[in-house]
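1 is the number of the first residue of the sequence shown in this note's numbering; add one for each residue after it.
One structure is given below, encoded as structure tokens.
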Amino acid sequence: MPSPARDNTVFLNCPFDEEYQEIFDAIIFTVTAAGYQLRCAMEADDAGGQRLTKIAALIGKSKFAIHDLSRTGIDTNTGLPRFNMPLELGISLGAKLLGTKKHRDHYLLVMQEIPYAHQKAVSDIAGTDPKSHNGAPKTAIRLVRDFLSTNIEGRRLPLAVRYIKAFEQFENWLDAAMKAESEDRRRLTFQDRLALIEEFSSLGVPPSS
1 MPSPARDNTV FLNCPFDEEY QEIFDAIIFT VTAAGYQLRC AMEADDAGGQ RLTKIAALIG
61 KSKFAIHDLS RTGIDTNTGL PRFNMPLELG ISLGAKLLGT KKHRDHYLLV MQEIPYAHQK
121 AVSDIAGTDP KSHNGAPKTA IRLVRDFLST NIEGRRLPLA VRYIKAFEQF ENWLDAAMKA
181 ESEDRRRLTF QDRLALIEEF SSLGVPPSS
């Protein structure tokens, strides 16, 4: 039977470029505000040769996974397609389809920016029913909230509109906090962002309020 820690863990596989930042912030805010522990490849970003092993371990420790394939096109700098996100989705699907009983208890949300883009880029995942957020943070919040709410047992999450309202409040609070510290929010690390969401939540502005 999955451990409580695994039951409360969400793996995130998504782009990390500046254009995607607002969607990224919306996703991590929703997951964290819903009471889940978020894990992603940014934790395994080191110079060693075990990055893929670490990512696989994170997926194995997560009951839920969110995969956003919005950046699978040709990289303008290299002229090559971006394979990292489909690769991590493949590991997640492999765990679900071929893993142990524990690993088969693994729920996936697959997202993309453009509707039906997967039919041209990764047609084999058509059965996973990818959802489109159209590059809109509010839509991404709704998709993530609905995914978690549908696949958890024993409790009900607040409505998506409450997470959307709370995220807007968080963004205003964060802008003010960064201005007060003379800090550029683009320089925040993954762990910084998680800590700031926790700090904001401690002020008494949860989605359920």
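Backbone N, C-alpha and C define an ideal beta-carbon position, used for all residues, glycine too.
These numbers come from a predicted model, not from an experiment.
Proximity winner among the options, relative to residue i (alpha-carbon distances)
i	options	result
Glu88	Asp17, Thr53 and Thr32	Thr53
Ala65	Ala160, Ala33, Glu18 and Ala41	Ala41
Ala56	Ala177, Gly99, Glu181 and Leu203	Gly99
Leu174	Cys14, Phe16, Glu43 and Ala195	Ala195
Met85	Arg71, Arg155 and Gly35	Arg71
Tyr20	Gln169, Gln112 and Met178	Gln112
CB contact flag (residue i, residue j, <8 Å)
i	j	result
Phe167	Phe29	yes
Leu69	Arg39	no
Lys131	Leu143	yes
Sheet register partners of residue i (DSSP bridge)
i	result
Asp68	Met111
Phe11	Arg39 and Ala65
Ser132	Gln112
Cut-off 6 Å between Cβ atoms - residues of its own chain near residue i, not counting five sequence neighbours on either side
i	result
Thr139	His133
Ile91	Ala56 and Ile59
His67	Asn13, Leu89 and Val110
Outcome for residue i when other beta-carbon atoms lying within 10 angstroms are tallied against a minimum of 16
i	result
Arg193	buried
Ala180	exposed
Arg186	exposed
Sequence-distant residues of its chain with Cβ nearer than 7 Å to residue i (five each side left out)
i	result
Lys228	What is shown of the chain runs 1 to 209, which leaves residue 228 out entirely.
Ala176	none
Thr78	none
Neighbourhood of residue i by C-beta, 8 Å cutoff - its chain only, sequence neighbours within 5 removed
i	result
Glu18	Arg186
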